[in-house]
Amino acid sequence: MDETGAGGPVMKVIGLHSAVLTAIVAIALALAGSADVSGRTAPRPRVGSKVEYCMDCHGPSGQGYHGYLIMPRLAGQTPEYFESQLRAFAERTRERALFINMSRVHGMSPDMRASLAAQFRGFNPSPFGGGPRHLVATGRQIFQEGAPEANVPACAACHGPDAQGEGPNARLAGQLFPYTVKELKNWTSERGSGGQAGIMAPIARALTEQQIVAIAAYLSYLK
Amino acid sequence: MRFMRLSIAIVALVASAVASPAGDSIRNCTWCHGTSAQGFGSAPRLAGQRPPYIENQLLSFFVHARDNPLSAQYMWAAAEGLNGETAHELAMYFSMLPPEPAMDGNKQLIDIGRLIYEEGSPESDLVACAACHGPNGEGVRQIPRLAGLSYSYLKRRLEEWGEGYHAGAEPPMPGIASKLYPQEIEALASFLSFVP
């Protein structure tokens with residue numbers, strides 16, 4: 001406060017005037033639905049709420065969740081694989097016989113699929129681990145060298161040396177242990193003959209249960 | 224003769240449970256939760272509940288993480304004297320009691336409730352309860368059994384999460400419950416109260 005009072009009342013009036021103007025602009029912007037100064041309105045946050053919807057089942061940052069159903073890790077997934085699976089659920093070529101209506105809960109527009117794929121690509125939470133540790137070394141060997149006696153090629157050849165995935169070949173690093181086991185043991189009954197079945201179905205059939213568990217254990221710890 | 228031996232065995236089992244170190248605690252619980260732990264008034268049924276869920280809730284009362292009004296008023300004090308071992312024994316004991324469905328919801332809303340339970344509402348970004356809680360509301364691991372819990376208890380929990388109260392351990396429920404419309408809460412709570 002100016003003790004001399006020389007510029008007192010005039011300064012206060014100008015200050016008040018600016019404050020009122022600022023308030024009017026702020027209220028106008030708020031009423032316009034967060035329009036910026038050029039008048040454009042921000043898009044409705046549909047992708048944001050859809051991401052939350054996915055995470056309600058698939059876990060914070062898409063790390064996966066062990067519910068009654070094992071909801072797989074989505075974080076860091078390749079966009080091409082991510083979108084292809086959403087399409088497969090919607091078109092009922094994947095997991096038709098389940099107590100959840102998978103087609104309905106995963107139904108959305110192609111644009112939304114692409115947006116979600118881009119979002120989850122950017123998440124990188126730590127993996128749960130949880131697979132039997134004593135089988136990790138065996139799992140790593142099969143992943144990197146295959147199982148020649150069973151005519152099984154190295155997983156790394158398609159899924160990448162660190163299981164990061166490539167295009168339509170899924171990222172496997174950090175995938176939930178029980179989920180990987182389930183997919184390899186039930187490839188055909190869950191995914192039919194579409195997608196990569198031509199390559200994956202014979203591999204899944206050729207692998208022994210012990211080998212499947214070992215691979216899944218290795219992947220469950222991979223960052 | 225075989226029936227007599229069976230009833231003696233059951234009496235011995237129950238007697239040993241009540242006489243064990245957890246026995247006093249069991250009596251304290253049944254004071255509010257009912258002698259057969261089916262629930263009474265606002266205290267929910269404990270019979271047949273998932274053991275890890277009961278343990279987590281007892282811990283959440285102990286550390287005051289679960290903070291809805293009735294929990295704060297009654298359960299914070301009730302859980303104060305419990306150690307981990309007693310909590311575990313209590314959880315195992317109650318989980319083995321056969322649950323009876325409350326059947327106190329609105330019968331007219333059962334079909335709508337079932338639809339929400341099994342499919343959620345993808346248009347409203349609401350997930351299907353069944354994915355985590357199971358096709359028959361039985362729960363799994365630390366995810367609670369919902370089947371047969373009382374309408375008034377389920378309704379209150381779902382409303383309280385929408386009002387900002389915290390869950391014991393699991394992150395998803397408050398966010399999920401916040402998306403429910405009042406009519407959906409009524410339908411879900413009604414449907415679940417009738418599931419055996």
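Residue numbers (our numbering), protein chains in the order written: chain A, 1 to 223; chain B, 224 to 419. Beta carbons are placed, not taken as given, at the ideal position from N, Cα and C, and that holds for glycine.
- By the CB criterion at 9 Å, residue 136 of chain A and residue 65 of chain A fall outside the cutoff.
- Counting of Cβ neighbours within 10 angstroms places residue 256 of chain B among the buried residues, the total reaching 16 or more.
- Neighbourhood of residue 50 of chain A in chain B, by CB distance below 7 Å: 348, in chain order.
- For the segment 88 to 119 of chain A, the set of residues with a beta-carbon nearer than 7 Å to any beta-carbon of chain B comprises 99, 100, 101, 104, 105 and 107, in chain order.
- Listed in chain order, the non-local C-beta contacts of residue 367 of chain B below 8 Å within the same chain comprise 272, 273, 276 and 356, local neighbours out to five positions each way being set aside.
- For chain A, the residues of the segment 363 to 390 of chain B that bring a beta carbon within less than 7 Å of one of its beta carbons are 363, 364 and 366, in chain order.
- Look at residue 345 of chain B: its C-beta is under 9 Å from a C-beta on chain A.
- Put simply, the backbone Cα of residue 203 of chain A is about 8 Å away from that of residue 153 of chain A.
- Bounds of the alpha helix (DSSP H) holding residue 119 of chain A are 110 to 121.
- Across the segment 57 to 81 of chain A, CB contacts with chain B closer than 9 Å involve 57, 59, 60, 65, 66, 67, 68, 69 and 71, in sequence order along the chain.
- DSSP places residue 188 of chain A in the uninterrupted alpha helix (DSSP H) bounded by 187 to 191.
- Here the alpha carbon of residue 175 of chain A sits roughly 10 Å from the alpha carbon of residue 163 of chain A.
- DSSP lists A/66 as the beta-bridge partner residues of residue 70 of chain A.
- Within 7 Å of the CB of residue 53 of chain A, the CB atoms of chain B belong to 348 and 350, in sequence order along the chain.
- Taking CB atoms only, residue 288 of chain B has no neighbour in chain A less than 9 Å away.
- When the five nearest sequence neighbours on each side are left out, the beta carbons in the same chain lying within less than 6 Å of the beta carbon of residue 115 of chain A are those of 47, in order along the chain.
- The C-beta of residue 342 of chain B comes closer than 9 Å to at least one C-beta of chain A.
- Distance check between residue 369 of chain B and each of B/406, B/286 and B/412 places B/412 closest, using alpha-carbon atoms only.
- Against chain A, the beta carbon of residue 398 of chain B has neighbours under 8 Å at 52 and 56, listed in chain order.
- Listed along the chain, the chain A residues whose CB falls inside 7 Å of the CB of residue 395 of chain B are 56.
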